[in-house]
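Chains A, H, C, G, E and Z, in that order, are what the protein sequence lines are.
Quick note on numbering that gives the first Met the number 0: the first sequence kicks off at 0 and runs consecutively.
Quick note on numbering that gives the first Met the number 0: the second sequence kicks off at 0 and runs consecutively.
Quick note on numbering that gives the first Met the number 0: the third sequence kicks off at 0 and runs consecutively.
Quick note on numbering that gives the first Met the number 0: the fourth sequence kicks off at 0 and runs consecutively.
Quick note on numbering that gives the first Met the number 0: the fifth sequence kicks off at 0 and runs consecutively.
Quick note on numbering that gives the first Met the number 0: the sixth sequence kicks off at 0 and runs consecutively.
Idealized CB from N, CA, C, for every residue including glycine.
The structure presented is a predicted model; accordingly, all values stated were derived computationally and were not measured.
Down below is the structure, laid out as structure tokens.
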Amino acid sequence: MGIISKLPVYMENVPGGTIVTTSLEKVLNESRASSLWYLLFGTACCAIEMMCAGASRYDFDRFGMFFRASPRQADLMFVAGTISHKMAPRVKLLYEQMAEPRYVIAMGGCACSGGPFYYDSYAVLKGVDKIIPVDVFLPGCPPRPESLMEACIKVQQKVKKEKLQDWSSDRRG
Amino acid sequence: MPTAYKLNPISGIKNLLIGLWVTLRHLFSKSITLQYPTERWEMPERSRGVVVLLSDKETGDLNCTACILCAKACPVGAIRIERHRGDDKRWKLDSFSIDNTICCYCGLCQEACNFDAIKLTPKYEFSSYDKASLIYDVNRLQDLGRDVDYVPTAKKAAPKPVAAAPAGDAATAVAPQAPAAEPTPTVAPMPEKPVEPKGEGE
Amino acid sequence: MADHDSILKLLTERFPGKVSALELTPAQTAVSVEAASIVELFTFLVESADLKMNYLSTITGIDRTDHIEIVYFVSSLEHKHMLTIKTKVDRIGGKIESIQHIIPAANWFEREVWELYGVDFVNHPDLRRFLLPDDWDQGNPMLRDWDGRDFIRMPEVQ
Amino acid sequence: MNLDSFAPVGIFLTLGIVFVLVTLAIAKLIRPHRPSDAKLASYECGEQPIGTAWIQYNPRFYIFALLFVIFDVEVIFLFPWAVAYQSLGFFALIEMLIFIGILVIGLAWAWKKGVLKWA
Amino acid sequence: MELTPLFQWIDTQLISLVEWLGLPIWFAELLEMVLAAVAVLLMAFLIVLFLVWWERKLSGHFQQRLGPMRTGWHGWLQTIADGLKLFQKEDIIPTNVDRKVFFWAPVVCFASSYAAFAVIPWGEGVIPTDLNIGILYILSITTFVVISLLMAGWSSNNKYALLGGMRSAAQIVSYEVPLTLSVLGVIMMTQSLSMVAIVEAQESVFSWFIWRQPLGFAIYLVAAVAETNRAPFDIPEAEQELVAGFNIEYSGMKFAMFFLAEFLNLFLVSAIATTLFLGGWQGPFLPSWLWFILKTTFVIFVIIWFKWTYPRLRVDQLMEFCWKVLLPLAFLNLIISGFLFRG
Amino acid sequence: MNEATPSQYSEEFEVNMGPQHPSTHGVLRLMLRMNGENIVRATPYIGYLHRAIEKICENRTYAQCIPLLDRFEYVTSMASEEVFVLATERLAAVEVPERAEYLRVIMLEFNRIASHLIFLGTFSLDLGAITPFLYCLREREQIMDLFEMTSGQRLTYNYIRVGGVAYDIPEDFLPLARKFVDTFQHRIDDYEAILTQNPIFLARTKNVGIISKDIAVNYAASGPVLRASGVKWDLRRDDPYSIYDRFKFDIPTGTVGDTWDRYMVRVQEMRQSNEIVRQALDQLPQGDYKTKMKAVFKPPVGECYARIENARGEMGCHIISDGSTKPYRVKLRGGSFCHTQLIPAIAPGMMIADLVATFASLDVILPEVDR
């Protein structure tokens, strides 16, 4: 873990130190929030809406979001669509292979809780939060591109609130 | 291995240039992007987003008569209703909840409802940091429905006894249709407030 | 182009006792066949110049609680007619000859029926797990009385 | 001109390397480091990879490398010729034509032999 | 607005500083070189910051989108945010990789592209060092990029990375040949390998070598696009085939280095195109360095334009195009130039 | 699994393509055995999106099935509604009003265009041309607008119902649809200008991934894939349903069955669909948009297999009714299922880039495979 999480403790005693740390924190948070590269990964209906959100009319690029195909370079994972029991270990592995800090949006009812396939289906995982930590839940079947953008803004707001001190604590169990 | 395709260099270069011309033309045409948090579409009337419970315009009470037609019509089991018989032999609502993560926004509940009680609104911003908060209870649903405009339909009748209620078949219930207005999604810049969706809330 | 009656006539005459015409509602050209003669029947369907039925739309399993019904939908792109073929196998340990060497498209259809209904397709080259997870151990989920872990029935509305 | 003018090249190279190392070092102060087995496994579209990637690779690549060495070395020989070309006159052109001719014949031969096909 | 007086001023200041300190005079030269190198590094940074933003904006508008809008005015802070974010990203070194090679690949990649900037003539008198073999130096130093990509592809122990590395090696190595040949035509006319001399030989618009070497320019441009692994020749990192190609396992700052080097290379080949064929810094009214930047930006625009218009070639077609089309054409160009520009 | 892993000294190696891979359009996993860039064997693994829709449908009433069917083939939800509704209507002998039939055709054809636009976009994306993808989605958004104003949703419409359609079209639908139909043909010209004759595109698609007539028929390929192989087979003409016999349209076919043919067939189909919509808009009669149905819908005992021509080929639905309110068994058949099955048959010998192009040209949508 980078020693930067200890910086606020050291800087407390220095006059003006808190200003330095808070502004550093702000800059770092802002940069992370405005550059959320998402993993190119979708399973079902929501993936189509995700595509639309990236396309000309809604244009994710405005938020500084563009896709990376490799999870190593991605910051944000949209779990876009139904996750079956068969798919679940793969999703978990993909999530694990993302470089931290990483964020997850469960897009659509299926990713949140199994959605329309909650009852009477033997194959669908009932919520992706059972296998990976989820930052923002976005219901909708499928949610509109605007909803997805709203969820992204929520993630950005969450990122902006992160504290330097908390960086060392393992946020993700 | 199939043979490679033979290309004609002259037409090849010509078509490469045509391609460049098409993209160049688009470079100088106006972008069609909607800048979402600052601009929004005017949603079509029928658009099916967040489900709300409607209240009577005068009294402010819920229109819902706890007839559970909507719960029966729901294809995914997202609606949970608990009720009991009141003193006047009518059903009284104990709790009413919609699990937004299960709901598939098909609109069958709205079609099944005979009392203008449940409606899918064009609202679409409802993401949350917390999954539990996506199960909307009756108060939440009522609050969301307060500002929803609707045209009361004449179908309102005395509540039927539940036993006779048809097993939720939505195809039978011809949905009351509000007159379709504003079907063209035009860019409607929100002049006043919600430039950014509120961060807090749910 | 053969019509409804002539197809049925042709088939029942060619396979006496093994193939019988079926009356379905709504009307479809349909026959039922003994499970043992399915390969024979399909060979004839594909090779017969009058029928040329080599386009297999799908294979379905149906759990009729006392037996499994397997339904083949086969049609001819040339003559534009379609035939429904029904056959019965046992519900547990049911066996039927695979037709994938006659019509390759049957390969995956049969695999699916094998996986979801537990019908064994004899001579099928590749009966592996398919739609279900690799470590699936809960039987054949499309059987009507099937129940398993993590399977929640939709609660009846009271 | 003397070798002095090459000094900046050395400085550029050194600075380039130093710069990368310094940035990586600074990043090390800031970035989190939480390795786990799954994270450190090779990425292969969400599956566990089968076998190592250090395998013997199709030798096509080798042939292109060989061709490159032949052609690029020959082409480098053309540089001094090109610099001095205008003062050498017509004879240099003939010489060059012969030289290029040999190269082109080599290319044609490789072509005919099917070496230039990747597959 | 020429920069030469500024340099002279710095020069005199440095010399007086060194004299004041009582150090030998070569120390001033050394300091000057280091300063120049640092200045070019900063410049390179600015260039990448601009280029990434520009490419995203351009691609947006090619597609009737807007591109980055929300980080700074029209997203001008976007690249900085990206860079800062990459600083904070975890650096994953998978268990199976060859750690040393994995570590040094981005270093080699960046350092070699950056070292090529030593001979770029930014303007009249604005050149870190005017090597007498300038163009040859660039051609050779950029070849190190191949090695770095191979290093990255091989050390990752990932099949996609391996394929990407192999592809890029084969591609860059092949296109090196027509690229070099197309440069020869220019050298024949200038009789010098020095970048400054090449620019000085193209004084007026009509003496730009693009008019006398149109075929050479076309070959150079195509080969240069291939050298930089950009669409339609971007097979080493073809997203739809190899997920991310040779840098698939790289994250954080190491990935950023590849990213940086990619854009530096893009600038480099465009700058060389400007120098060799478009008259370098020559131009009326405006200061020379501005002309250089404008012309280079235009070349970059064309290359970006290609990228957002064309599909990508297949790897064997790419090689065949190089050896069967581009190389014979390059020879032809050389022979034609030989006949036309006899001394 | 009977495939041995390659030894250390072999030049062959195995690589997973998918489930998360940009060119598998979902969660297909292809296990590729490669020799350098060349594919020795490709084995598809499916089921990553198996959601048991058929099982769920057994526990839902007929009306409740329709929203679930939307998720069966979400790129052309209208078609998956139509095939289910068609089977049910045949089963229960339900009359459908004239206007409803026209509305269905308009929606189905619009949906076909939308689906082909997705195909065209992802196809060009897989070939490395990113810009046409965004142009295609731009036009698709306009269709989505039309759908949303009519049915209320962008993707999962729940619009086509037993006995008609759910709602009549809003007032503004007709002018907007006409405007779209008029402008769209010029848009197709644009896509074609970028792609059709582009030499790189030709080199990547011509004679690549050839599916011969025999293979296509034997593997039960359908729709554009079958037609590109030269079989003139279109259920709209050969097994007419709804009112397709009233419209004039061509059935574009290919000759070789290569990737370019499949692309071309779909592009021409978009033009044809556009014409069908134009005709339907012109002929649209007044009247009811749905029949009055009994309160509890119970089709008689029986079974019916209905098939329609979807954007991805034959989409079939086999419904068995036991006379109750819920279907006894619903079997869904999608074209993609068979097209995925084609891959092991045609992939050997291809290069990885060819496989990507060929797979994209099959236009496989995974939920249709996995259900």
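Within chain C, the residues Phe150, Ile151, Arg152, Met153 have their CB atoms less than 9 Å from the CB of Asp119 (chain A), given in chain order. Remark: three or more beta-carbon pairs, one from each stretch, lie closer than 8 Å, so the segment 70 to 82 of chain Z and the segment 101 to 111 of chain Z are flagged as touching. A contact between stretches requires three or more CB pairs, one per stretch, nearer than 8 Å, and the segment 66 to 86 of chain C fails this requirement with the segment 347 to 356 of chain Z. Rounded to the nearest whole angstrom, the CA to CA distance from Pro105 (chain E) to Leu27 (chain A) is 24 Å.
Contact annotation, Ile171 (chain E) with Leu325 (chain E): C-beta distance approximately 13 Å; criterion of less than 8 Å not satisfied.
Proximity of Lys330 (chain Z) to chain C, defined by a Cβ-Cβ separation below 7 Å, is satisfied. Lys130 (chain H) has a beta carbon lying at 7 Å or more from every beta carbon in chain C. With respect to the 7 Å criterion, Glu36 (chain Z) and Val329 (chain Z) are not classified as neighbours on the basis of their beta carbons. Contiguous beta strand (DSSP E) elements confined to the segment 64 to 97 of chain A occur at 75 to 79, taking only those with 3 or more residues.
For Met50 (chain A), the three-state secondary structure derived from DSSP is helix. One Cα belongs to Val230 (chain Z), the other to Met143 (chain Z), and the distance between them is close to 32 Å.
Among the residues facing chain G, Ser154 (chain E) is not included, as its CB has no counterpart in that chain under 7 Å away. Residues of chain A whose Cβ lies closer than 7 Å to the Cβ of Glu124 (chain H) are, in chain order, Ser146, Glu149. In this chain, the beta strand (DSSP E) harbouring Met33 (chain Z) covers 28 to 34. In the three-state reduction of the DSSP assignment, Pro103 (chain C) falls in the coil class. Contact between the segment 333 to 351 of chain Z and the segment 211 to 228 of chain Z is present: 3 or more CB-CB pairs across the two stretches fall below 8 Å. Using a CB distance cut-off of 7 Å, Glu24 (chain A) does not count as an interface residue toward chain G.
Judged by beta-carbon spacing, Ser147 (chain E) lies beyond the 7 Å limit of Val96 (chain E), meaning their Cβ atoms are not closer than that value. One thing to note: Ala114 (chain E) has its Cβ no nearer than 7 Å to the Cβ of Phe78 (chain G). Considering only beta carbons, the part of the segment 292 to 312 of chain E lying closer than 7 Å to chain H consists of Trp304, Trp307, Thr308, Tyr309, in chain order. A straight line joining the alpha-carbon of Thr64 (chain H) with that of Leu234 (chain Z) spans about 48 Å. For Ile197 (chain E), no pairing in a beta bridge is given by DSSP.
Counting along the chain, Ile146 (chain E) sits inside the alpha helix (DSSP H) bounded by residues 143 to 154.
Taking the CA atoms as reference points, Asp281 (chain Z) sits about 11 Å from Pro174 (chain Z). Here Asn15 (chain Z) is bridged, per DSSP, to Z:Met30. With its beta carbon less than 7 Å from one in chain C, Asn217 (chain Z) belongs to the interface. For Ile58 (chain C), no Cβ of chain Z is located within less than 7 Å of the residue's own Cβ. Taking a 10 Å sphere around the C-beta of Asp257 (chain Z), we find 16 or more other C-beta atoms and assign the residue as buried. Exposed is the label assigned to Pro151 (chain H), since fewer than 16 other Cβ atoms lie within 10 Å of its Cβ.
Judged by DSSP secondary structure, Lys122 (chain H) falls outside any beta strand (DSSP E); it is assigned neither H nor E. Taking 8 Å as the Cβ-Cβ cut-off, the segment 93 to 113 of chain G approaches chain E at Met95, Leu96, Ile99, Leu102, Val103, Leu106, Ala109, Trp110, given in chain order. If only uninterrupted alpha helix (DSSP H) runs of at least 4 residues are considered, those enclosed by the segment 3 to 27 of chain C are 3 to 13.
Chain G has no Cβ within less than 7 Å of the Cβ of Gln164 (chain A). If you keep only unbroken alpha helix (DSSP H) runs of at least 4 residues inside the segment 92 to 130 of chain A, you get 107 to 112. Against chain H, the CB of Phe232 (chain E) has no partner CB under 7 Å away; the residue lies outside that interface. Nearest in C-alpha terms to Val125 (chain E), of all of E:Val195, E:Met318, E:Gln201, E:Met256, is E:Val195.
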